[in-house]
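Residues 0 to 693 (numbering that gives the first Met the number 0) are what the sequence shown spells out, left to right.
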Amino acid sequence: MADVTSECNIKVLCRFRPLNQSEILRGDQFIPTFQGDDSVNVGGRSYVFDRVFPTNTTQEQVYNACAKQIVKDVLGGYNGTIFAYGQTASGKTHTMEGKLHDPNQMGIIPRIAEDIFNHIFGMDENLEFHIKVSYFEVYMDKIRDLLDVTKTNLAVHEDKNKIPYVKGCTERFVSSPDEVMDVIDEGKNNRHVAVTNMNEHSSRSHSIFLINIKQEHTETEQKLCGKLYLVDLAGSEKVSKTGAAGAVLDEAKNINKSLSALGNVISALAEGTKTHVPYRDSKMTRILQDSLGGNCRTTMFICCSPSSYNDAETKSTLMFGQRAKTIRNTASVNLELTADQWKRKYEKEKEKNKTMKETTQRLEAELNRWRNGENVPETERTTADVVRLESVEERSPVLILDNDTSSIVVRISEEERQKYEEEIRKLYKQLDDKDDEINLQCQLVEKLKEQMLDQDELLASSRGDGDKVQAELGRLQVESSCAKTEVKEVLQALEELAINYDQKSQEVEEKGLQNQLLADQLAQKMASLMELEAELSHMQEVSGQQRKRIADVLNGLMRDLSEFSTIVGNGEIKLISGAIEEEFTVARLYISKIKSEVKSMVKRCRQLENLQLECHRKMEETGRELSSCQLLISQHEAKIRSLTEYMQSVELKKRMLEESHDSLSEELAKLQDQGNTSAMSRPSRISKGWRRLS
Numbered sequence: 000m001a002d003v004t005s006e007c008n009i010k011v012l013c014r015f016r017p018l019n020q021s022e023i024l025r026g027d028q029f030i031p032t033f034q035g036d037d038s039v040n041v042g043g044r045s046y047v048f049d050r051v052f053p054t055n056t057t058q059e060q061v062y063n064a065c066a067k068q069i070v071k072d073v074l075g076g077y078n079g080t081i082f083a084y085g086q087t088a089s090g091k092t093h094t095m096e097g098k099l100h101d102p103n104q105m106g107i108i109p110r111i112a113e114d115i116f117n118h119i120f121g122m123d124e125n126l127e128f129h130i131k132v133s134y135f136e137v138y139m140d141k142i143r144d145l146l147d148v149t150k151t152n153l154a155v156h157e158d159k160n161k162i163p164y165v166k167g168c169t170e171r172f173v174s175s176p177d178e179v180m181d182v183i184d185e186g187k188n189n190r191h192v193a194v195t196n197m198n199e200h201s202s203r204s205h206s207i208f209l210i211n212i213k214q215e216h217t218e219t220e221q222k223l224c225g226k227l228y229l230v231d232l233a234g235s236e237k238v239s240k241t242g243a244a245g246a247v248l249d250e251a252k253n254i255n256k257s258l259s260a261l262g263n264v265i266s267a268l269a270e271g272t273k274t275h276v277p278y279r280d281s282k283m284t285r286i287l288q289d290s291l292g293g294n295c296r297t298t299m300f301i302c303c304s305p306s307s308y309n310d311a312e313t314k315s316t317l318m319f320g321q322r323a324k325t326i327r328n329t330a331s332v333n334l335e336l337t338a339d340q341w342k343r344k345y346e347k348e349k350e351k352n353k354t355m356k357e358t359t360q361r362l363e364a365e366l367n368r369w370r371n372g373e374n375v376p377e378t379e380r381t382t383a384d385v386v387r388l389e390s391v392e393e394r395s396p397v398l399i400l401d402n403d404t405s406s407i408v409v410r411i412s413e414e415e416r417q418k419y420e421e422e423i424r425k426l427y428k429q430l431d432d433k434d435d436e437i438n439l440q441c442q443l444v445e446k447l448k449e450q451m452l453d454q455d456e457l458l459a460s461s462r463g464d465g466d467k468v469q470a471e472l473g474r475l476q477v478e479s480s481c482a483k484t485e486v487k488e489v490l491q492a493l494e495e496l497a498i499n500y501d502q503k504s505q506e507v508e509e510k511g512l513q514n515q516l517l518a519d520q521l522a523q524k525m526a527s528l529m530e531l532e533a534e535l536s537h538m539q540e541v542s543g544q545q546r547k548r549i550a551d552v553l554n555g556l557m558r559d560l561s562e563f564s565t566i567v568g569n570g571e572i573k574l575i576s577g578a579i580e581e582e583f584t585v586a587r588l589y590i591s592k593i594k595s596e597v598k599s600m601v602k603r604c605r606q607l608e609n610l611q612l613e614c615h616r617k618m619e620e621t622g623r624e625l626s627s628c629q630l631l632i633s634q635h636e637a638k639i640r641s642l643t644e645y646m647q648s649v650e651l652k653k654r655m656l657e658e659s660h661d662s663l664s665e666e667l668a669k670l671q672d673q674g675n676t677s678a679m680s681r682p683s684r685i686s687k688g689w690r691r692l693s
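Here it is as structure tokens:
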């Protein structure tokens, strides 16, 4: 794979942000003093890096000075890493991301996305590129896929070349800078951020944007691949300054823990004397294992605050950068050889093997001469430059045993050597199998622990659910008893209403009968009244006729009297006066009789009129009583309907409560059975797991 190898130190660059508004209002001092492009003085001590950027440096200047070259390296087949380190609110995210869609304020990641495609468009047309991107974060020491939020705890594995990678992470193929920006926007929206006293948009996780570029020459079939890790680390925090509490405090603890593990790795690599580098102390350092002391060209930004308020954190960050600057990586081109290249390499190794065999034969001949007691001249001896200690097993089929008294050289045959090599291979195979078995057992232990935790959580949740169900059951029982009481009261009220309804119905019937009787009586009275009115009118007509007749008679009598008075004289008048008086007397009697009859008729008419008025009054009173009774009947009917509906709703609610009570009782019984089963099965699973471990 690696055809071209070169050693290089980690490139460390220091960047200071300007004082922010709160620091200016607080009156903080500006502590750094810049000495050229590669040195800064803080607290009377100078710190030297590959490049130091003052506060007025633009995003474009930062990119051109440090990140532009790494694009060419990645397209040339090297692995590359750029990451930002520093305390919280020191400008790491601004350096790595910036304002994604602002041409002036965008950071390293969006500029690299554009620069990669610009370089590709200017390269050989026979090159075919495949570009994949991944975006994930390390949050609470768990790897979380930012392009698929359902993947919350991804694992770190190693490929066949012992290079760590995140297994199961989402990979997106991209073909333009816009597609890369869409992926960045999608992942950024899913990243964890929070508000602290020092930063309104504080990153609560380490984010890693991985660009994997594979290229193939269509004519020569030569393949190159390069990976570029773009890492935005979360900032180290002092809780007294950030005011973190609750979940934010837990996040700060995990952030500081992973950064401490990163510091331990940097220290171990910087010293160069430790045989063990603690990459596995944190998932973050495990992912960056190849970037720190491995096959990678790494650039580190240390972002610092210029405020005197953060003096201690700034000095610690600068010291971290100086330690990291001493780490050396061995970067090599990730080249996949073609068939011709493999053939040439095979011929070269074959020639090398032939040379080694000739050297072995010369050494054997020289050894035989020495054993036979012959003194070999120095000119015929094989020099030490030819014989290398590293290739003793390949050059000579002998076994050398050293002790304090003598050196014994034991001659072994080719078959024995092959046998020993086969045994060694078997032992290595057994060792690998044991390692795999240990890994499997460790995974099994972790799974059992997770299962135990899950079962504990399930048991706790079941208990909580059981308590909730019990509380809900008690509440439902209370509600059921209250509902039963209400139903009883409603039934009693309905019975009373039914009784009242029956009474009112009877009263209505009685009133109806009375009303009917009164109506009949009124009809009879009206009929008699009509008859009396007809009789009265007839009597009035007769009386009028009689009066008219009497008047005519009187007028005739008066005319006759006047005629008699004129014709006869006084004597004749006296004779006739007696007869006239008799007629007048008869007339008076008749008239008085008529008057008495008229008076009686008038009196009868008045009585009938009074009776008619009384009947009208009684009829109106009866009508009012009838209307009030009808209104009362309608009110009672409406009340009965509403009470009937309420009773039906109460019955329905009662049935629903009884069904809910039954279902909750069944669920409670199931949960209790499940809790008992899990409590009984958990010790058996744990014992099985430990038996498998043993």
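Think of the CB as a built atom: it goes at the ideal place given N, C-alpha and C, for glycine as much as any other residue. Predicted, not measured: the structure shown is a model, and the values here were computed from it.
Pair every Cβ in the segment 323-339 with every Cβ in the segment 65-80, then say whether three or more of these pairs are closer than 8 Å. yes
Runs of 3 residues minimum, wholly inside the segment 56-95: which ones carry the beta strand (DSSP E) assignment? Listed in chain order, the complete beta strand (DSSP E) runs (minimum 3 residues) inside the segment 56-95 are 79-85.
When the Cβ atoms of the segment 298-308 are set against those of the segment 80-90, are three or more pairs found closer than 8 Å? yes
Is Ser-406 helix, strand or coil when you go by DSSP? Bear in mind that the predicted position of Ser-406 carries a pLDDT of just 36, short of 50, making it unreliable; the figure below should be weighed with that in mind. Of the three classes helix, strand and coil, the one that applies to Ser-406 here is strand, per DSSP.
Have a look at the DSSP bridge pairing and note the partners of His-156. Tyr-164
In this structure, how does DSSP classify Glu-170 when only helix, strand and coil are distinguished? coil
Helix, strand or coil at Ile-639 [DSSP, three-state]: helix
Pick from Glu-532, Glu-59, Leu-516: whose alpha carbon is nearest that of Lys-617? Leu-516
Give a yes or no on whether the C-beta atoms belonging to Asp-289 and Ile-107 are separated by under 9 Å. no
What distance in whole Å lies between the Cβ atoms of Leu-535 and Cys-604, which are believed to be in contact at a cut-off of 8 Å? 5 Å
Relative to the C-alpha of Lys-187, which candidate in Leu-443, Lys-638, Asp-231 has its C-alpha closest? Asp-231
With H, G and I counted as helix, E and B as strand and the rest as coil, what does DSSP make of His-275? coil
I need the straight-line Cα distance from Pro-396 to Leu-223, nearest angstrom please. Low per-residue confidence applies at Pro-396: pLDDT is 37, beneath 50, and the placement is therefore not dependable, though the value from the model is reported in the following sentence. Each residue's Cα considered, the two are about 40 Å apart.
Euclidean distance between Cα positions of Ile-407 and Glu-6: Note that Ile-407 scores a pLDDT of 39, beneath 50, so its modelled location is shaky and nothing firm can be said.
To the nearest angstrom, how far is it from the Cα of Lys-487 to the Cα of Leu-248? 57 Å
Could you name the residues of the same chain whose beta carbon sits closer than 6 Å to that of Glu-124, not counting the 5 residues immediately before and after it, in chain order? none
Under 9 Å, do Asp-27 and Ser-307 count as touching if we go by C-beta distance? yes
Between His-129 and Lys-213, is the Cβ-Cβ spacing less than 9 Å? yes
Am I right that Glu-471 and Leu-663 are in contact with their C-beta atoms under 8 Å? What's the rounded C-beta distance? 6 Å
Quick test of your reading: Leu-475 and Ser-659, contact by CB under 8 Å. State the CB separation rounded to the nearest angstrom. 6 Å
Those residues which DSSP pairs with Ile-709 across a bridge: Limits of the chain in this structure are 0 at one end and 693 at the other, which puts residue 709 out of reach.
Please state whether the Cβ-Cβ distance between Val-51 and Phe-15 is less than 9 Å. yes
Extract the residue ranges of the alpha helix (DSSP H) inside the segment 313-383, only unbroken runs of 4 or more that lie entirely within it. The segment 313-383 contains these whole alpha helix (DSSP H) runs: 338-370.
Write down the C-beta distance between Leu-291 and Leu-268 rounded to the nearest angstrom, noting that I regard them as a contact closer than 8 Å. 6 Å
Spatial neighbours of Asp-144 within its chain, please: CB distance less than 7 Å, with the 5 preceding and 5 following residues excluded, ordered by chain position. Phe-135, Lys-150, Leu-153, Cys-168, Thr-169
Beta-carbon contacts of Ile-210 that lie in its chain and below 6 Å, excluding the five residues immediately before and after: So the qualifying residues of the chain are Val-132, Leu-227.
Using only CA atoms, which one of His-156, Ser-626, Phe-116 lies nearest to Val-179? Phe-116
Residues near Pro-176 by beta carbon distance below 7 Å, same chain, minus five either side: Ala-112, Glu-113, Phe-116
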